[in-house]
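>
Protein chains: 2
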Amino acid sequence: MSKIKETSTNFANKKALSDECPELYASNIIGGQWPLAICGYLLNGKLRFGELKKKLPNITERMLTLQLRRLEKDRIVKRTVYAQVPPRVEYELTPIGQKLKPVIEELEKWGTLHKQSL
Amino acid sequence: MSKIKETSTNFANKKALSDECPELYASNIIGGQWPLAICGYLLNGKLRFGELKKKLPNITERMLTLQLRRLEKDRIVKRTVYAQVPPRVEYELTPIGQKLKPVIEELEKWGTLHKQSL
DNA sequence: TAAGGTACTATCAAAAATGTAAGTAATGAG
DNA sequence: CTCATTACTTACATTTTTGATAGTACCTTA
Numbered sequence: 001m002s003k004i005k006e007t008s009t010n011f012a013n014k015k016a017l018s019d020e021c022p023e024l025y026a027s028n029i030i031g032g033q034w035p036l037a038i039c040g041y042l043l044n045g046k047l048r049f050g051e052l053k054k055k056l057p058n059i060t061e062r063m064l065t066l067q068l069r070r071l072e073k074d075r076i077v078k079r080t081v082y083a084q085v086p087p088r089v090e091y092e093l094t095p096i097g098q099k100l101k102p103v104i105e106e107l108e109k110w111g112t113l114h115k116q117s118l
Numbered sequence: 119m120s121k122i123k124e125t126s127t128n129f130a131n132k133k134a135l136s137d138e139c140p141e142l143y144a145s146n147i148i149g150g151q152w153p154l155a156i157c158g159y160l161l162n163g164k165l166r167f168g169e170l171k172k173k174l175p176n177i178t179e180r181m182l183t184l185q186l187r188r189l190e191k192d193r194i195v196k197r198t199v200y201a202q203v204p205p206r207v208e209y210e211l212t213p214i215g216q217k218l219k220p221v222i223e224e225l226e227k228w229g230t231l232h233k234q235s236l
């Protein structure tokens with residue numbers, strides 16, 4: 001998660017694929033190491049930054065920040081800052097974020113199946 | 119797609135997550151740039167290496183090979199070599215590979231929805 | 001004899017993702 | 001004044017993924 005180089009072949013490939021196929025578009029958004037894990041927890045309700053951090057084993061603050069920013073940009077999570085000291089920031093899923101539920105469920109089913117077949 | 123360093127923190131994190139959550143386990147297998155695209159085409163039937171290459175815009179032979187090898191290792195595609203010259207190699211989904219269909223469908227639905235809401 | 005087709009492999013380089021370690025602001029508690 | 005708390009940010013290093021380019025083996029056909 002850093003800047004993407006909009007001139008790279010890789011960037012062009014990703015774009016080409018996700019332009020035509022909604023499933024690849026989706027995969028580009030929620031794919032990667034943390035997004036699904038974060039969404040999974042947020043499906044059960046709002047969480048503060050620190051709470052998420054505790055739930056996600058070994059995630060660094062930097063990564064968590066980057067991921068949340070990206071999810072926010074993609075309109076999957078909503079960020080609410082309370083003007084307090086020390087600060088309090090809450091994250092929750094947006095309506096379209098909530099709609100990820102069936103996707104996660106199917107992934108879960110398939111994952112379980114695949115694991116069993118080992 | 120190269121060797122992974124089994125001592126890295128990143129490796130440990132991925133493992134920890136996919137050990138507990140089947141959906142993250144699944145995402146580790148089919149996530150990434152090409153696996154879903156490849157499976158999408160193979161859902162419609164067998165394809166030869168060269169046919170896949172034509173369908174996947176801009177993929178390099180190296181990448182296609184790497185991806186197919188990995189999908190084979192994960193028992194999602196089956197590779198059949200015909201002893202001919204020039205060589206003929208066919209790829210098709212395994213039974214568990216076929217079962218990815220609902221996953222892909224849900225991703226597709228969600229992707230379409232998300233795209234519309236722009 | 002030379003060229004062509006197919007499915008690769010090998011090397012090197014670049015880009016992208018992730019990790020490490022340290023620091024910051026603001027305020028209330030002691 | 002000093003320290004603790006919370007949600008970050010910054011700079012740098014490492015790891016992982018992807019790309020570019022050039023080969024290779026084998027037989028068949030011209």
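In order, the protein sequences belong to chains A and B.
Numbering follows this note's numbering, with no gaps: position 3 of the first sequence is 3.
With the second sequence counted from 1, adding 118 to any position gets you this note's numbering.
Idealized CB from N, CA, C, for every residue including glycine.
Measuring only the C-alpha atoms, how far is B/Trp-152 from B/Glu-179?
As a working note, residue 152 of chain B is residue 34 in the second sequence. As a working note, residue 179 of chain B is residue 61 in the second sequence. For B/Trp-152 and B/Glu-179, the distance between alpha carbons rounds to 12 Å.
> In this structure, how does DSSP classify B/Lys-196 when only helix, strand and coil are distinguished?
Against the second sequence, residue 196 of chain B aligns to sequence position 78. The answer is strand: DSSP assigns B/Lys-196 an E or B state.
> My understanding is that B/Glu-224 touches A/Val-103, with C-beta atoms under 8 Å, so please give their C-beta distance in whole angstroms.
For the purposes of this step, residue 224 of chain B is identified with residue 106 of the second sequence, where counting begins at 1. For the purposes of this step, residue 103 of chain A is identified with residue 103 of the first sequence, where counting begins at 1. Right, the Cβ-Cβ distance comes to about 4 Å (below 8 Å), so this counts as a contact.
> Is there a Cβ from chain A that is less than 8 Å from the Cβ of B/Val-195?
Looking up residue 195 of chain B in the second sequence gives position 77. Chain A, which has no Cβ nearer than 8 Å to the Cβ of B/Val-195, makes this no.
> Taking the continuous alpha helix (DSSP H) assigned at B/Val-221, which residues delimit it?
As a first step, residue 221 of chain B must be located in the second sequence, where it is residue number 103. Residues 219-234.
> Against chain B, does A/Gly-31 count as a neighbour if the rule is that its beta carbon must be under 8 Å from one of theirs?
Working through the first sequence from its first residue, we reach residue 31 of chain A at position 31. Taking Cβ atoms only, chain B reaches closer than 8 Å to A/Gly-31, which makes this a yes.
> So what does B/Tyr-209 bridge to, in DSSP terms?
In the second sequence, residue 209 of chain B corresponds to position 91, counting from 1. According to DSSP, B/Tyr-209 bridges with B/Leu-165 and B/Arg-197.
> For B/Gly-158 and A/Val-85, I'd like the C-alpha separation in whole angstroms.
Looking up residue 158 of chain B in the second sequence gives position 40. Looking up residue 85 of chain A in the first sequence gives position 85. Between B/Gly-158 and A/Val-85, the C-alpha separation is close to 50 Å.
> So is B/Leu-231 buried or exposed if we call it buried at 16+ other beta carbons inside 10 Å?
As a position in the second sequence, residue 231 of chain B is number 113, starting the count at 1. When all chains shown are included, B/Leu-231 counts as exposed.
> Once the 5 residues before and after A/Leu-100 are set aside, which same chain residues still bring their CB inside 6 Å of it?
Counted from its first residue, the first sequence places residue 100 of chain A at position 100. Closer than 6 Å at the Cβ level, and outside the excluded window around A/Leu-100, lie Cys-39.
> Can you grab the Cα-Cα spacing for the pair A/Glu-23 / A/Thr-65, in whole Å?
Translated into the one-based positions of the first sequence, residue 23 of chain A becomes position 23. Translated into the one-based positions of the first sequence, residue 65 of chain A becomes position 65. In a straight line, the C-alpha of A/Glu-23 is about 26 Å away from that of A/Thr-65.
> Under the assumption that A/Leu-36 contacts B/Ser-145 (Cβ atoms under 8 Å), give the Cβ distance between them as a whole number of angstroms.
One-based indexing of the first sequence puts residue 36 of chain A at position 36. One-based indexing of the second sequence puts residue 145 of chain B at position 27. Sure, about 5 Å apart at Cβ, within 8 Å.
> Using a Cβ-Cβ cut-off of less than 7 Å, list which residues of the segment 203-229 of chain B approach chain A; keep chain order.
Against chain A - using a Cβ distance shorter than 7 Å - the residues of the segment 203-229 of chain B are Ile-214, Lys-217, Leu-218, Pro-220, Val-221, Ile-222, Glu-224, Leu-225, Glu-226, Trp-228 and Gly-229.
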